[in-house]
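Student: Take a look at the following structure, please.
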Amino acid sequence: MLFEIDTLSSAPIYGQIAACVRRAIAGGALKPGSKLPPSRDLARELDVNMHTVQRAYCQLRDEGLLELRQGRGAIVASGRVAPSARLNSLIHDLLNEADTQGLTTAELARLMETMR
Amino acid sequence: MSRGTYARGVRSAMATNSVLLSFVAIYVSIVAISFAAVRTTESRLPVEAGNLTSYWLESEVIAIAMYLAWVALPRPHRMRYALETVLPVGLCLYGVDAAGLTATLWFNLDVKTFQMPFGSLTGIGLILGGAFAGWFLGRYLGGLAATDRLRREAASSRRSAWFAETSPDGSWRRATGITTGLLMFALILLGQATSPAYAPGSPLPIQLLAAGAWAFMIVVGEHATISITDAAIKVRTRLLSNNMGWSVSLSEIESARAIAAQPEPLRFDRSRCVLRTGPALEIRTVTGGRYAVSLDEAAEAVAVIEALRSGA
Chain A
14 MLFEIDTLSS APIYGQIAAC VRRAIAGGAL KPGSKLPPSR DLARELDVNM
64 HTVQRAYCQL RDEGLLELRQ GRGAIVASGR VAPSARLNSL IHDLLNEADT
114 QGLTTAELAR LMETMR
Chain B
537 MSRGTYARGV RSAMATNSVL LSFVAIYVSI VAISFAAVRT TESRLPVEAG
587 NLTSYWLESE VIAIAMYLAW VALPRPHRMR YALETVLPVG LCLYGVDAAG
637 LTATLWFNLD VKTFQMPFGS LTGIGLILGG AFAGWFLGRY LGGLAATDRL
687 RREAASSRRS AWFAETSPDG SWRRATGITT GLLMFALILL GQATSPAYAP
737 GSPLPIQLLA AGAWAFMIVV GEHATISITD AAIKVRTRLL SNNMGWSVSL
787 SEIESARAIA AQPEPLRFDR SRCVLRTGPA LEIRTVTGGR YAVSLDEAAE
837 AVAVIEALRS GA
């Protein structure tokens with residue numbers, strides 16, 4: 014799978030890495046049981062700190078998207094979480110876009126309320 | 537958003553020679569320490585230990601000659617070869633030497649009958665431990681050095697990394713079994729005929745150990761990780777076999793395409809990591825090099841490479 018980050022973006026790097034995985038899961042590129050690259054390898058190739066990648070993986074684990082197993086690395090969790098994964102991905106993309114346009118979370122929430 | 541330009545990754549022969557010559561210097565040091573250790577403890581070793589120095593001299597001279605050949609022979613990518621091949625293999629041999637020396641002295645100090653280090657499970661464990669420790673250290677250091685060689689040359693805000701894995705099928709096991717099996721058989725016969733370590737009466741387990749290691753390698757199989765970044769394509773392999781990993785800087789690539797490939801017996805080509813019969817990614821470089829790796833997602837990898845190159 015393809016990971017893409019932009020170090021000049023206002024979004025934190027761990028959030029960008031997590032967003033890549035969410036998109037891949039939501040789009041079907043990553044199936045349940047798929048293995049993600051080890052955090053050390055991904056950190057080396059993206060030229061970021063390994064803890065940044067681990068933080069992204071931990072966030073995805075907390076969301077129920079990944080299983081982190083000692084010695085086996087990060088694995089995409091079973092298919093039951095797919096709907097929330099898609100929703101998570103869309104919400105994160107929305108928040109990133111709002112951030113890019115300079116909108117606060119409260120302003121975004123108000124905007125969403127007006128659209129209901 | 538900016539993208540930088542990237543290094544070709546080709547260094548001068550002098551830079552490579554310093555790496556290889558430092559290996560030779562370390563190797564000579566280990567041999568010198570070995571001889572010094574045997575000489576200083578000679579009075580406490582059994583009489584048969586005298587054979588040991590001649591055995592070491594023979595194998596170490598061959599090893600040093602191989603290193604010197606690596607230094608002397610002209611190669612298009614000396615630095616790459618040194619970092620990714622010679623470093624792991626060299627440190628693996630250093631590990632075997634250091635562990636073998638330790639085990640030999642440990643087993644033979646103040647005893648009457650000389651015991652080869654391969655004659656006990658402890659000795660075999662020590663030597664295997666030394667070999668693996670050296671191999672993994674070499675891979676780690678080689679990986680660090682290769683990463684530095686292929687680093688992004690200019691500051692780039694956007695970074696990309698694409699990952700995939702590939703594992704062997706039956707065709708790889710057949711091809712590698714034949715290739716490495718013949719080599720193993722020849723080495724055992726050669727050792728049996730020339731070295732005191734394999735002379736009649738010496739412990740048998742070394743042959744069984746070699747055959748067991750060969751069978752283990754075939755059963756477990758090779759495994760390759762492919763990464764494509766905006767700096768380079770890297771293929772890293774898990775086991776030492778006739779399929780070593782390789783790396784190519786993105787700026788060196790002339791073309792990338794998906795091909796059909798199959799493992800071939802008796803083919804030692806570092807730049808060809810074909811583990812399955814089926815799709816593979818083939819890279820051609822501007823210097824005329826050809827690299828291949830088995831990859832089910834070869835078409836996707838080609839698209840990623842083209843996208844990254846067009847953005848570079």
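Chains as they are written, first to last, in our numbering: chain A, 14 to 129; chain B, 537 to 848. For each residue, glycine too, the CB sits at the ideal point set by N, CA and C. On a predicted model such as this, the values are computed, not experimentally measured, just so you know.
(1) From the beta carbon of residue 698 of chain B, is the nearest beta carbon of chain A less than 9 Å away?
(2) Which residues, in order along the segment 765-776 of chain B, keep a beta-carbon less than 7 Å from a beta-carbon of chain A?
(3) Is residue 815 of chain B helix, strand or coil by DSSP?
(4) According to a CB-to-CB cut-off of less than 8 Å, which residues of the segment 835-848 of chain B neighbour chain A?
(5) Please report the straight-line C-alpha distance between residue 40 of chain A and residue 30 of chain A, rounded to a whole angstrom.
(6) Quick one: give me the first and last residue of the alpha helix (DSSP H) that residue 32 of chain A is part of.
(7) Between the C-alpha atoms of residue 629 of chain B and residue 90 of chain A, what's the straight-line distance to the nearest angstrom?
(8) Do you know how far the Cα of residue 669 of chain B is from the Cα of residue 110 of chain A?
(9) Taking the beta carbon of residue 104 of chain A as the centre, do at least 16 other beta carbons fall within 10 Å, making it buried, or is it exposed?
(10) Between residue 542 of chain B and residue 768 of chain B, what straight-line distance do the alpha-carbon atoms span, to the nearest angstrom?
(11) Distance check for residue 64 of chain A and residue 702 of chain B, CA to CA, integer angstroms please.
(12) Compare the beta carbon distance of residue 801 of chain B and residue 712 of chain B with 9 Å and say whether it is the shorter of the two.
(13) Does the segment 778-792 of chain B come within contact of the segment 818-834 of chain B, defined as at least 3 CB pairs closer than 8 Å?
(14) Compare the C-beta of residue 763 of chain B against all C-beta atoms of chain A and say whether one is closer than 9 Å.
(15) At which residues does the beta strand (DSSP E) containing residue 696 of chain B begin and terminate?
(16) Beta carbon of residue 633 of chain B, beta carbon of residue 566 of chain B: below 9 Å?
(17) Using three-state DSSP, classify residue 656 of chain B as helix, strand or coil.
(18) Are the C-beta of residue 829 of chain B and some C-beta of chain A separated by less than 9 Å?
(19) Taking Cβ-Cβ distances shorter than 9 Å, what residues in chain B pair up with residue 14 of chain A?
(20) Measuring alpha carbon to alpha carbon, tell me which residue in B:752, B:657, B:643 is nearest residue 651 of chain B.
(21) Buried or exposed for residue 126 of chain A, please, with buried defined as at least 16 other CB atoms from any protein chain shown within 10 angstroms of its CB.
(22) Might you give, ordered along the chain, the residues of its own chain that have their beta carbon closer than 8 Å to the beta carbon of residue 656 of chain B, omitting 5 neighbours on each side?
(23) Around the C-beta of residue 648 of chain B, are 16 or more other C-beta atoms found within 10 angstroms, so that it is buried, or is it exposed?
(24) Would you call residue 765 of chain B buried or exposed, if buried means 16 or more other Cβ atoms sit within 10 Å of its Cβ?
(25) Can you tell which of B:825, B:830, B:829, B:817 has its C-alpha closest to the C-alpha of residue 842 of chain B?
(26) According to a CB-to-CB cut-off of less than 9 Å, which residues of the segment 57-88 of chain A neighbour chain B?
(27) Verify the contact flag: residue 748 of chain B, CB atom, against every heavy atom of the ligand NAP, threshold strictly below 8 Å.
(28) Would you kindly check if the distance between the Cβ of residue 807 of chain B and the Cβ of residue 793 of chain B is under 9 Å?
(29) Where does residue 572 of chain B land, buried or exposed, given buried means 16+ other C-beta within 10 angstroms?
(30) Where does residue 834 of chain B sit, in a helix, a strand or coil, going by DSSP?
(31) Suppose contacts are defined by Cβ-Cβ distances below 9 Å. Is residue 797 of chain B in contact with residue 813 of chain B by that definition?
(32) Which same chain residues, not among the five before or five after residue 599 of chain B, have their C-beta less than 8 Å away from its C-beta?
(33) Within its chain, find whatever has a CB closer than 6 Å to the CB of residue 809 of chain B; leave out the 5 residues flanking it on each side and keep chain order.
(34) Taking all protein chains shown into account, do 16 or more other C-beta atoms lie within 10 angstroms of the C-beta of residue 101 of chain A, making it buried, or fewer, making it exposed?
(35) Nearest chain A C-beta to residue 693 of chain B closer than 9 Å, yes or no?
(36) Return the CA-CA distance between residue 76 of chain A and residue 113 of chain A, expressed in angstroms with no decimal places.
Tutor: So, from the listed chains and residues:
(1) For residue 698 of chain B, the answer is yes, since a Cβ of chain A falls inside 9 Å of its Cβ.
(2) Within the segment 765-776 of chain B, the qualifying residues are 765.
(3) Reduced to three states, the DSSP call for residue 815 of chain B is strand.
(4) Those would be 840, in chain order.
(5) If I take the Cα positions, the gap works out to 15 Å.
(6) It spans 26-39 - the alpha helix (DSSP H) in which residue 32 of chain A sits, taken as one unbroken run.
(7) Cα-Cα distance, rounded: 42 Å.
(8) Their Cα atoms are separated by approximately 48 Å.
(9) The residue is exposed, with fewer than 16 neighbouring Cβ atoms inside 10 Å.
(10) Note on residue 542 of chain B: pLDDT 38, under 50, position unreliable in the model; no value is reported.
(11) Straight-line spacing of the CA atoms in residue 702 of chain B and residue 64 of chain A works out to 27 Å.
(12) Yes.
(13) Enough Cβ pairs lie closer than 8 Å, so yes.
(14) Residue 763 of chain B counts as touching chain A.
(15) 694-702 is the extent of the beta strand (DSSP E) around residue 696 of chain B.
(16) Contact flag set, yes.
(17) The answer is coil: DSSP assigns residue 656 of chain B none of H, G, I, E or B.
(18) Residue-level contact by beta carbon fails for residue 829 of chain B and chain A, as no gap is shorter than 9 Å.
(19) What residue 14 of chain A touches in chain B, judged by beta-carbon distance under 9 Å, is 698, 699, 700, going in chain order.
(20) Residue 651 of chain B has its Cα closest to that of B:643, out of B:752, B:657, B:643.
(21) Exposed: under 16 other Cβ atoms inside 10 Å.
(22) If you ignore the 5 residues before and after residue 656 of chain B, its C-beta comes within less than 8 Å of the C-beta of 643, all in its own chain and listed in chain order.
(23) With fewer than 16 other Cβ atoms within 10 Å, it is exposed.
(24) Classification of residue 765 of chain B: buried, given that the 10 Å Cβ count is 16 or more.
(25) Cα-wise, what sits closest to residue 842 of chain B is B:817.
(26) So the list reads 57, 58, 59, 60, 61, given in the order they occur along the chain.
(27) The ligand NAP is absent from the structure shown, which contains no ligands of any kind.
(28) In this structure, residue 807 of chain B does not lie closer than 9 Å to residue 793 of chain B by Cβ.
(29) Exposed, because fewer than 16 other Cβ atoms sit within 10 Å of the Cβ of residue 572 of chain B.
(30) In this structure, residue 834 of chain B counts as helix in the three-state DSSP scheme.
(31) Yes, they are a contact pair.
(32) 563, 629, listed in sequence order.
(33) 760, 771, 779, 829, listed in sequence order.
(34) The residue is buried, with at least 16 neighbouring Cβ atoms inside 10 Å.
(35) Residue 693 of chain B has a beta carbon lying within less than 9 Å of a beta carbon in chain A.
(36) Cα to Cα, residue 76 of chain A sits roughly 24 Å from residue 113 of chain A.
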